[in-house]
Amino acid sequence: MEIKQLEDDNFVEKRISDLKQQAAEAFKKQDYLNASVFYTQALKMDNFDAKLLSNRSLCWLRMGDGERSYDDATECKKLQPMWAKAYYRQGAAQILMEVQWDGSN
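FYI, numbering that gives the first Met the number 0 numbers position 96 of the sequence shown as 95, with every residue one higher than the one before it.
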């Protein structure tokens with residue numbers, strides 16, 4: 000039973016690593032939508048990974064989706080309350096939402 004669990008854990012870790020790599024490659028190509036899809040898939044396997052949330056938050060930010068970016072940054076901040084990047088992402092998303100709101104009036 001323990002061997003099976005280790006194999007399953009290794010599979011999940013490998014799959015998450017592969018998804019992170021695919022997301023990073025998509026991000027480098029400025030394909031933020033596909034990068035966010037890869038990060039989302041990885042988060043389904045490990046929803047406590049603050050770095051995944053932070054990276055997906057940046058994808059949403061680059062696509063102009065301040066609300067999703069803010070939500071991911073907020074979750075990231077809950078997981079890593081001492082991590083400055085989470086606060087930075089949250090602030091950037093908030094600024095984007097304010098700019099979009101001001102522009103719509």
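Ideal placement from N, C-alpha and C gives every residue a C-beta, glycine not left out.
Remember, it's a predicted structure, so these values are computed and weren't measured experimentally.
Considering just the uninterrupted stretch of the alpha helix (DSSP H) at Lys76, what are its terminal residues? Within the sequence shown, numbered from 1, the residue matching residue 76 stands at position 77. 65-78 is the extent of the alpha helix (DSSP H) around Lys76.
What is the residue span of the alpha helix (DSSP H) that Phe37 lies within? Counted from its first residue, the sequence shown places residue 37 at position 38. Here the alpha helix (DSSP H) through Phe37 covers 31-44.
What's the call for Lys13, buried or exposed, on a 16-neighbour Cβ count within 10 Å? For the purposes of this step, residue 13 is taken as residue 14 along the sequence shown, with counting starting at 1. With fewer than 16 Cβ atoms within 10 Å of its Cβ, Lys13 is classed as exposed.
Own chain partners of Met96 with C-beta closer than 8 Å, once the 5 adjacent residues on each side are dropped: On the sequence shown, position 97 is the one that residue 96 refers to. Only Gly65, Glu66, Tyr69 meet the Cβ criterion.
Specify, as a first and last residue, the run of the alpha helix (DSSP H) that Lys50 falls within. Within the sequence shown, the letter at position 51 stands for residue 50. Run containing Lys50: 49-61, per the alpha helix (DSSP H) assignment.
Using beta carbons (cut-off 8 Å, strictly below), is Trp82 in contact with chain D? Structure shown: chain D not included; a single protein chain is present.
Span separating the alpha-carbon of Ala91 from that of Phe10: Residue numbering aside, residue 91 sits at position 92 when the sequence shown is read from its first letter. Residue numbering aside, residue 10 sits at position 11 when the sequence shown is read from its first letter. Approximately 35 Å between the Cα atoms of the pair.
Candidates Asn46, Gln29, Gly63, of which the one nearest Leu78 by Cα: In the sequence shown, the residue the question calls residue 78 occupies position 79. The candidate whose alpha carbon is nearest that of Leu78 is Asn46.
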